[in-house]
Amino acid sequence: MINELEELIANALRELEMVTQDKELEAWRVRYLGKKSQLTAILRGLADLPMEERRRVGALANRIRAELENSYQQKTQLLREDQLVSAVGAESLDITLPGRLLPGGRLHPITQTIQEIHEIFVSMGFQVMEAPEVEWDYYNFEALNIPQHHPARDSMATLWVDYKNERGERNMLLRTHNTAGDIRAMETMRPPIRVVTTGKVYRYEASDATHVPMFYQIDGFAVDKSITMAELKGTLYEFARRFFGEERKVRFRCDYFPFDEPGVEMAIECGVCGGKGCRLCGDSGWIEILGAGMTHPKVLERGGLDPRVYSSFAFGMGIDRLPMLRYGIDDIRLFYGSDLRFLRQF
Ligand code: DAH
1321 MINELEELIA NALRELEMVT QDKELEAWRV RYLGKKSQLT AILRGLADLP
1371 MEERRRVGAL ANRIRAELEN SYQQKTQLLR EDQLVSAVGA ESLDITLPGR
1421 LLPGGRLHPI TQTIQEIHEI FVSMGFQVME APEVEWDYYN FEALNIPQHH
1471 PARDSMATLW VDYKNERGER NMLLRTHNTA GDIRAMETMR PPIRVVTTGK
1521 VYRYEASDAT HVPMFYQIDG FAVDKSITMA ELKGTLYEFA RRFFGEERKV
1571 RFRCDYFPFD EPGVEMAIEC GVCGGKGCRL CGDSGWIEIL GAGMTHPKVL
1621 ERGGLDPRVY SSFAFGMGID RLPMLRYGID DIRLFYGSDL RFLRQF
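The opening position of the sequence shown corresponds to residue 1321 in my numbering, with each subsequent residue numbered one higher.
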């Protein structure tokens, strides 16, 4: 009987050691501590044993039961800890997993173009300037040698702000061109000045494939003691070469701007037909991209500079046209339509 008990505890402990799951543990408990277990049977049969043996076997059997119960409790605890550890392990962050891709945004094609143009002019010594979009008549027209009733005002269909000064004049507007920034530059800087003013300009016009009431312009302005037409042409040639490519031909022709004397327009060879003439260039082979000129002496005077000492050139260019020419986009409204199918291509 004693041997039987000793064998039993040895087996029970060995088996308990191998248990790894709740189900196995329960089966073990039933087998060794349950009502039908060998140990229970031995304890029940104690009454039939002679006195002396009953005491020895009884003491041993009870000790074994206590030990098995104790071991069972410990094992239960151990299994619970194991489960906790593996649960925490499964939930923890695996920092070696690649992250989920966020949908990437991108810059609007007009913004990209502005940055590219700025890079070119900044490398030539120009600084980027900002000027107000809501402007005074004085800066947009008056100081640029476009007085009241000058016919040049008609060509700039102006959006006026509903505001009158003390003399009852409507003198506030949405700037029609960034040339207004040139006067502001002379008021705040001393020569030599080299600035570009970039941003939105406004014209009271119906939208179509080549017109929108709000578009982007860049105006460049350089003032120094010996600025000549050669500097104007050199700067703009260099810009055209860098933006459109070395091979692109450039043409200057006379033009008229009240704030320039003389004034010119610059055209580049049409990129679609290579100068032969097509629908895009109106069969001329050339596409006009900017107006420019030597600043009129009266404008320099308005800026507080003596035109006998200082000379200056300026140019103004629509920005929207550049990506249109480069990518063959035939409708300017696409830039302002917020259609991602269009915008994602750039
Ligand atoms: N401001 C003119 C326009 O919007 C463009 C222009 C022409 C700007 C000649 C200039 C310039 O600075 O010198 O049509």
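Glycine included, every Cβ here is placed at the ideal spot set by N, Cα and C.
Enclosing beta strand (DSSP E) for residue i [first to last residue]
{"i": "residue 1537", "result": "1534 to 1544"}
{"i": "residue 1522", "result": "1513 to 1522"}
Per DSSP, the bridge partner or partners of residue i
{"i": "residue 1571", "result": "1587"}
{"i": "residue 1612", "result": "1584, 1635"}
{"i": "residue 1482", "result": "DSSP lists no partner for residue 1482."}
{"i": "residue 1531", "result": "1528"}
{"i": "residue 1607", "result": "1588"}
When the options are compared against residue i, the one with the closest alpha-carbon
{"i": "residue 1561", "options": "1660, 1523, 1437", "result": "1437"}
{"i": "residue 1494", "options": "1470, 1456, 1465, 1610", "result": "1456"}
{"i": "residue 1475", "options": "1354, 1497, 1491", "result": "1497"}
{"i": "residue 1399", "options": "1349, 1537, 1342, 1369", "result": "1342"}
{"i": "residue 1540", "options": "1510, 1446, 1617, 1467", "result": "1446"}
{"i": "residue 1376", "options": "1396, 1335, 1322", "result": "1322"}
{"i": "residue 1644", "options": "1530, 1557, 1452", "result": "1530"}
{"i": "residue 1511", "options": "1545, 1470, 1483", "result": "1545"}
{"i": "residue 1523", "options": "1374, 1492, 1392, 1478", "result": "1478"}
{"i": "residue 1587", "options": "1577, 1578, 1612", "result": "1612"}
{"i": "residue 1520", "options": "1378, 1502, 1640", "result": "1640"}
{"i": "residue 1584", "options": "1553, 1450, 1334", "result": "1553"}
{"i": "residue 1631", "options": "1547, 1642, 1575, 1654", "result": "1547"}
{"i": "residue 1648", "options": "1452, 1490, 1666, 1637", "result": "1666"}
Where the alpha helix (DSSP H) through residue i begins and ends
{"i": "residue 1492", "result": "Note, residue 1492: premise wrong, no alpha helix (DSSP H); beta strand (DSSP E) at 1492 to 1494."}
{"i": "residue 1331", "result": "1322 to 1338"}
{"i": "residue 1563", "result": "1549 to 1564"}
{"i": "residue 1506", "result": "1500 to 1508"}
{"i": "residue 1643", "result": "1641 to 1647"}
{"i": "residue 1617", "result": "1617 to 1622"}
{"i": "residue 1658", "result": "Here residue 1658 belongs to no alpha helix (DSSP H), and DSSP marks it neither H nor E."}
{"i": "residue 1473", "result": "1472 to 1475"}
Within the region 1345 to 1424, ranges of the alpha helix (DSSP H) (whole runs, at least 4 residues): 1358 to 1365, 1371 to 1411
Taking the runs of the alpha helix (DSSP H) that are 4 residues or longer, which of them lie wholly in the region 1442 to 1469? 1457 to 1460
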